[in-house]
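Down below is the structure, laid out as structure tokens.
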Amino acid sequence: MTRRWTEIVIHHSAGRGRTSAHWEGIRRDHVERRGWLDIGYHWGIGYEDERPVLLVGRPERMIGSHCPGHNTSAIGLCFLGNFTAAEPEPETLTFGAAILVSLCLRHEITVRSIHPHRAFRATECPGNAFPFDRLVELVTAELAEL
140 MTRRWTEIVI
150 HHSAGRGRTS
160 AHWEGIRRDH
170 VERRGWLDIG
180 YHWGIGYEDE
190 RPVLLVGRPE
200 RMIGSHCPGH
210 NTSAIGLCFL
220 GNFTAAEPEP
230 ETLTFGAAIL
240 VSLCLRHEIT
250 VRSIHPHRAF
260 RATECPGNAF
270 PFDRLVELVT
280 AELAEL
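Okay, so the sequence shown: first residue is 140 according to this note's numbering, each after it adds one.
Here is the structure:
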């Protein structure tokens with residue numbers, strides 16, 4: 140069954156680890172400690188071998204567990220790392236923009252429907268140093284070129 144997604148919520152993991160092993164640690168925490176069916180996010184962006192990588196989360200056919208009130212309408216994309224005080228690398232942001240373009244095209248989601256987690260919850264997520272506006276600019280520019 141294909142879900143009808145209408146928005147994307149951007150998160151950060153708020154931890155230091157950014158590898159696939161850390162992603163699997165988050166998955167274990169969500170499943171074993173919280174009792175969820177899978178990791179709460181649909182996709183993750185990690186950093187391995189000095190380059191950004193796409194990490195697979197729960198299948199898009201499943202409702203997420205990442206933003207109460209928006210789980211049934213939003214794809215959850217988590218940038219691994221703590222971006223409270225430091226920005227992600229430029230290449231990580233560019234990579235993330237490319238993933239967002241793909242998601243927007245595949246699900247017919249507008250750029251205006253990409254939100255930081257903090258837009259819906261009392262949280263700093265995806266971190267005060269995360270350049271959310273720049274990310275949206277990159278997505279907008281890429282979509283305009285298509």
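Glycine included, every Cβ here is placed at the ideal spot set by N, Cα and C.
All of these numbers come straight from a predicted model, not from anything done at the bench.
Which residues DSSP lists as bridging residue i, in chain order
i, result
"Val195", "Trp182"
"Gly215", "Val148"
"Arg190", "Glu187"
"Pro207", "In DSSP, Pro207 forms no bridge with anything."
"His254", "Val148"
Rounded straight-line distance, which links the Cα of residue j to that of residue i
i, j, result
"Arg260", "Leu277", "25 Å"
"Trp162", "Gly196", "9 Å"
"Arg166", "Arg157", "13 Å"
"Gly174", "Glu284", "43 Å"
"Trp144", "Leu216", "13 Å"
"Ser159", "Trp182", "12 Å"
"Ile238", "Val148", "13 Å"
"His246", "Tyr180", "16 Å"
"Arg155", "Leu219", "8 Å"
"His205", "Glu230", "25 Å"
"Gly185", "His209", "23 Å"
"Ile252", "Asp188", "Correcting the residue type first, residue 252 is Ser in the shown sequence and not Ile. Their Cα atoms are separated by approximately 32 Å."
"Arg200", "Phe234", "23 Å"
Start and end residues, beta strand (DSSP E) containing residue i
i, result
"Ile202", "Counting along the chain, Ile202 falls outside any beta strand (DSSP E), and DSSP gives it neither H nor E."
Extent of the continuous alpha helix (DSSP H) to which residue i belongs
i, result
"Phe229", "Correcting the residue type first, residue 229 is Pro in the shown sequence and not Phe. Note, Pro229: alpha helix (DSSP H), 229-246."
"His169", "Careful: His169 lies outside any alpha helix (DSSP H) and carries neither H nor E."
"Glu276", "271-283"
Is the stretch 216-230 in contact with the stretch 260-269, if contact means three or more CB pairs nearer than 8 Å? Between the stretch 216-230 and the stretch 260-269 there are three or more inter-stretch CB-CB distances shorter than 8 Å, so the stretches are counted as touching.
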